[in-house]
Structures are given as C-alpha cells and as structure tokens.
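Working notes for the structure below.
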DNA sequence: GCGACAG
DNA sequence: ATCTTGTCGC
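Residue numbers (our numbering): 6 to 237.
In structure tokens form, the structure reads like this:
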C-alpha cells in the first residue's frame with residue numbers, strides 16, 4: 006500500500022476550492038464518446054474514512070471489461086485532505102484516489118467514480134475533476150440524486166430518465182440497474198458520452214445494483230483501512 | 001435567514 | 001462516509 010500526500014497547493018478553504026473548480030471545469034472534454042463497453046479495462050475507485058484518526062484509504066480495482074475479472078488492484082492511505090462539504094467532495098478524496106491509480110501496474114482505461122461528474126452544482130463533480138487531472142476517461146455512478154430530480158422511472162432494468170437540475174438542464178441520467186430496485190445516478194466525467202456511460206453501467210451490473218467496479222473498490226478500501234487500524 | 005446536500 | 005443483527009422476500 007502506497008502513502009498519499011496532499012499537494013502543497015491543495016485548497017484549504019471552501020472559497021479556494023470553488024475557485025479551483027471554476028478554473029478547471031472548462032478543461033473537461035465532452036465531445037468524445039469514450040471506450041465502448043466490453044473491451045479493455047474498466048477501473049473502479051472508492052475511498053473509506055477513519056475520521057477519528059484523520060485517515061483516508063483509497064482503492065483502485067481494474068477489471069477486464071469483457072469478463073469483469075479483476076486484472077489489478079492498488080491501495081493508498083493518507084491524511085483526509087478536506088472536510089466533507091457537499092459540492093466539494095473531490096477535494097476530500099482526490100489525492101488518495103490519484104495515488105491509488107498511480108500505483109496500478111497497468112493502464113486503468115475508463116475510470117468509474119463513486120459520485121458525480123457533470124451532475125454537480127458547478128457542473129464539475131469528482132469524476133470530471135479526476136478526468137481533468139489525469140486525462141483519463143471518467144464517469145460517475147452515484148447512489149443518491151443529490152439536489153437533482155427526475156421523472157418517474159419504469160420498473161424494468163435498463164429504464165432511464167433524465168436527471169435534471171433546477172433550471173431543467175439535463176446533467177445525467179437515473180438508471181435502473183435492477184428491476185424494481187432504486188436506480189443509480191449516472192453522469193459523465195471526462196471524455197465519455199452519457200449514452201456510453203449508461204451502457205457501461207449496465208455492462209457492469211449483471212447481478213447487483215452498483216457496478217462491479219465500485220463494489221470491488223469499496224470492499225478493497227475498507228479492507229485496507231481495517232488492516233491499517235484494526236477495530237478496537 | 002433556513003434547510004438540503006455526492007461521500 | 002459511519003455506527004450495526006436479524007430478518008423479510010425473491
């Protein structure tokens with residue numbers, strides 16, 4: 006496991022963090038459809054926290070997109086880089102996530118984040134931010150609708166509805182990955198189209214509501230945190 | 001001003 | 001995010 010360092014110029018205040026988002030959001034590329042589902046690598050990233058010890062553990066798990074078999078994995082631990090503030094999640098998670106991605110022995114391909122990309126108050130969520138910093142194609146799959154809304158969704162797996170901001174701007178999609186089960190919320194990050202992001206999400210959910218990528222990354226970063234500081 | 005609010 | 005057992009249901 007690698008140690009993640011918080012960059013010296015990392016934002017300290019909410020104002021600084023918002024300024025960074027405003028400065029970087031224009032660099033997001035949205036005119037590429039991205040790698041097609043079922044080919045190459047898909048990588049899940051996630052983090053777990055130990056707020057008492059101010060620790061964060063990140064995991065990156067690379068899957069073969071065709072078989073959903075684990076190809077490689079890496080973890081990183083570090084100090085929590087920023088408090089949790091809705092809309093500023095990236096500043097809390099990115100240093101550790103980047104360190105885990107850097108520790109991988111192979112290219113990650115498409116990176117799937119646990120959170121949002123375009124679906125964000127300033128249209129620059131975790132996934133878009135990670136994409137701009139790394140140049141990698143990225144997308145977000147979140148478990149909650151945040152401040153967004155969507156029309157009622159049909160009950161069958163594969164049903165979608167536009168995810169809408171207050172001004173009716175479409176920022177992503179609610180997607181039913183299991184029939185009769187609460188949907189997930191998909192939004193583009195960097196260099197991936199929404200249509201492709203939805204297709205990837207369906208390809209990664211043959212059995213469970215959440216993508217295999219985030220399920221694998223979630224369990225790995227929790228395990229890493231446990232191993233580091235065992236329960237009392 | 002108050003509440004809501006990805007993880 | 002995190003604290004947490006059993007339990008109802010497909």
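Glycine included, every Cβ here is placed at the ideal spot set by N, Cα and C.
Could you tell me if residue i is buried or exposed, where buried requires 16 or more neighbouring beta carbons within 10 angstroms of its beta carbon?
| i | result |
| --- | --- |
| residue 111 | exposed |
| residue 217 | buried |
| residue 244 | Residue 244 cannot be examined here, being either before or after the span of the chain that is shown, 6 to 237. |
| residue 212 | exposed |
| residue 159 | exposed |
| residue 33 | buried |
| residue 24 | exposed |
| residue 42 | buried |
| residue 145 | buried |
| residue 223 | buried |
| residue 72 | exposed |
| residue 20 | exposed |
Please determine, among the options, the residue with the shortest C-alpha to C-alpha distance to residue i.
| i | options | result |
| --- | --- | --- |
| residue 86 | 77, 104, 74 and 148 | 104 |
| residue 17 | 128, 90 and 34 | 90 |
| residue 194 | 72, 119 and 181 | 119 |
| residue 70 | 231, 164, 223 and 210 | 210 |
| residue 232 | 53, 13 and 40 | 53 |
| residue 188 | 164, 202 and 205 | 164 |
| residue 171 | 196, 11, 127 and 223 | 127 |
| residue 113 | 224, 139 and 133 | 139 |
| residue 15 | 169, 88, 178 and 133 | 88 |
| residue 219 | 36, 12 and 51 | 51 |
| residue 202 | 47, 62, 135 and 57 | 47 |
Determine the extent of the alpha helix (DSSP H) in which residue i is found, giving its start and end residues.
| i | result |
| --- | --- |
| residue 222 | 217-233 |
| residue 137 | 131-139 |
| residue 200 | 199-208 |
| residue 21 | 19-29 |
Taking 7 Å as the cut-off, decide whether the C-beta atoms of residue i and residue j are in contact.
| i | j | result |
| --- | --- | --- |
| residue 107 | residue 84 | no |
| residue 45 | residue 221 | no |
| residue 67 | residue 81 | no |
| residue 250 | residue 74 | The question about residue 250 has no answer here: the residues shown for the chain are numbered 6 through 237. |
| residue 101 | residue 9 | yes |
| residue 124 | residue 96 | no |
| residue 156 | residue 166 | yes |
| residue 131 | residue 94 | yes |
| residue 79 | residue 99 | no |
| residue 161 | residue 184 | yes |
| residue 26 | residue 129 | yes |
| residue 29 | residue 137 | yes |
| residue 214 | residue 186 | yes |
| residue 65 | residue 226 | no |
| residue 178 | residue 169 | no |
| residue 39 | residue 196 | yes |
| residue 55 | residue 230 | yes |
For the beta strand (DSSP E) containing residue i, list its first residue and its last residue.
| i | result |
| --- | --- |
| residue 177 | 175-180 |
| residue 73 | Unbroken run through residue 73: none, as it is neither H nor E. |
| residue 48 | 46-55 |
| residue 193 | 189-195 |
| residue 61 | 60-69 |
Exercise for review: At 3 residues or longer, and completely inside the region 84-164: list those beta strand (DSSP E) runs for me, N to C.
Suggested key: The qualifying runs are 115-118 and 143-147.
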